[in-house]
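Numbering (the working numbering), first residue to last: 73 to 341.
Only one structure is covered here, and it is reproduced in the block below.
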Ligand SMILES: [Fe+2]
């Protein structure tokens, strides 16, 4: 059997019946088996938490409780099988503005598997730069991982890579979807593939996640992404984004910028 690094995935929708991902425990187990076969050893499930649509604290409580119960049912089923990833629970938080993020940043039941990190999406059509969201997360003493920046529609006239660079300067980590490297989102957002590769060249891919949505959206493969990166001489970047950095995030460890010599080498190559 091929030896692969122990991939970590903390962006996926495999909690059964809570969002637009897996609908049943059986579907979730299928997804987990195939991800394990591709080398994923640790998986933090991230159901959508649509903060602007949960208008009250009680609504937030109910949603998080519902997600936790569904996750526990899945965890029980996973405990009865071998050769599946180790599971944790988080959320993909839709927070387009600072006000949304302030509502959840203080909660200990929100974050990636009990870490201080929040996986945040701004919404597919960006309104401005959303820098206020990053600043609010950092001010709350937490870490922000921006979900799939390569897939957003940027305001007209904005340079996507320059906006992303600024987000990183403000302290955000950038999470690219595995499928972006293999053209999975070509129909939805044609520029996502070129952007993902441009981010690699600039050393801006902090994390690679699957954004796996279960059987109704097939074709998401962490192994294909890893192989595509290796084929372009980017194995070190792939391992950093699929093993090292996601591990550091989940363990709340500091993250160093890669050695500048390494960055310029990868930008040349
Ligand atoms: Fe997602």
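For glycine and all other residues, C-beta sits at the position ideal for the given N, C-alpha and C.
>> Could you check whether the region 123 to 136 touches the region 317 to 328, counting it as contact only if at least three pairs of C-beta atoms, one from each stretch, sit closer than 8 Å?
In response: no
> If you draw a straight line from the alpha carbon of residue 281 to that of residue 128, how long is it in whole angstroms?
Replying inline: Locating residue 281 in the chain shown gives position 209, counting from the first residue. Locating residue 128 in the chain shown gives position 56, counting from the first residue. Rounded to whole angstroms, the gap between the alpha carbons of residue 281 and residue 128 is 30 Å.
> Excluding sequence positions up to five away, which residues of its chain have a Cβ less than 6 Å from the Cβ of residue 99?
Replying inline: As a first step, residue 99 is located in the chain shown; it is residue number 27 there, counting from the start. Here the set comprises 286, 287.
> Counting pairs of Cβ atoms below 8 Å between the region 213 to 224 and the region 260 to 269, do you hit three or more?
Replying inline: Flag = yes, the region 213 to 224 and the region 260 to 269 touch.
>> Let me check you understand the geometry: is the CB of residue 260 closer than 7 Å to at least one non-hydrogen atom of ligand 1?
In response: Mapped onto the chain shown, residue 260 falls at position 188. Not so, every heavy atom of ligand 1 lies at least 7 Å from the Cβ.
>> Just verifying my parser: in three-state terms, what is the DSSP assignment at residue 193?
In response: Locating residue 193 in the chain shown gives position 121, where the first residue counts as 1. Residue 193: strand per DSSP, three-state reduction.
>> By the DSSP assignment, the beta strand (DSSP E) with residue 123 in it spans what residues?
In response: Here residue 123 is taken as the residue at index 51 of the chain shown, counted from 1. From DSSP, residue 123 is part of no beta strand (DSSP E); its letter is neither H nor E.
>> Once DSSP output is grouped into helix, strand and coil, what is the label at residue 101?
In response: Here residue 101 corresponds to residue number 29 of the chain shown, with the count starting at 1. Residue 101: helix per DSSP, three-state reduction.
> Which residues in the same chain have their Cβ closer than 6 Å to the Cβ of residue 313, if we skip the five residues on either side of it in sequence?
Replying inline: Locating residue 313 in the chain shown gives position 241, where the first residue counts as 1. Around residue 313: 277, 279, 280.
> In chain order, what residues have a CB nearer than 5 Å to some heavy atom of ligand 1?
Replying inline: 164, 283
> Taking the C-alpha atoms as reference points, what is the distance between residue 239 and residue 255?
Replying inline: Working through the chain shown from its first residue, we reach residue 239 at position 167. Working through the chain shown from its first residue, we reach residue 255 at position 183. Each residue's Cα considered, the two are about 24 Å apart.
> Between the Cα of residue 198 and the Cα atoms of 176, 169, 247, 110, which residue gives the shortest distance?
Replying inline: In the chain shown, counting from the first residue as 1, residue 198 sits at position 126. Comparing Cα positions, the closest option is 169.
> What three-state label does DSSP hand residue 184 in the structure shown?
Replying inline: Position 112 of the chain shown, counted from the first residue, corresponds to residue 184. Residue 184: coil per DSSP, three-state reduction.
>> Alpha carbons only, please: which of 143, 247, 148, 149 is nearest the one belonging to residue 194?
In response: By one-based count along the chain shown, residue 194 stands at place 122. If we check each option's Cα against that of residue 194, 247 comes out closest.
> How many Å lie between residue 258 and residue 252 at the Cα?
Replying inline: Sequence index remark: in the chain shown, residue 258 carries index 186 (1-based). Sequence index remark: in the chain shown, residue 252 carries index 180 (1-based). The alpha-carbon atoms of residue 258 and residue 252 are separated by roughly 8 Å.
> By Cβ distance below 8 Å, which residues in the same chain neighbour residue 207 in space, the five residues on each side in sequence not counted?
Replying inline: Here residue 207 corresponds to residue number 135 of the chain shown, with the count starting at 1. Shown here for residue 207: same chain residues with a beta carbon closer than 8 Å to its own, the five before and five after excluded, namely 170, 242 in chain order.
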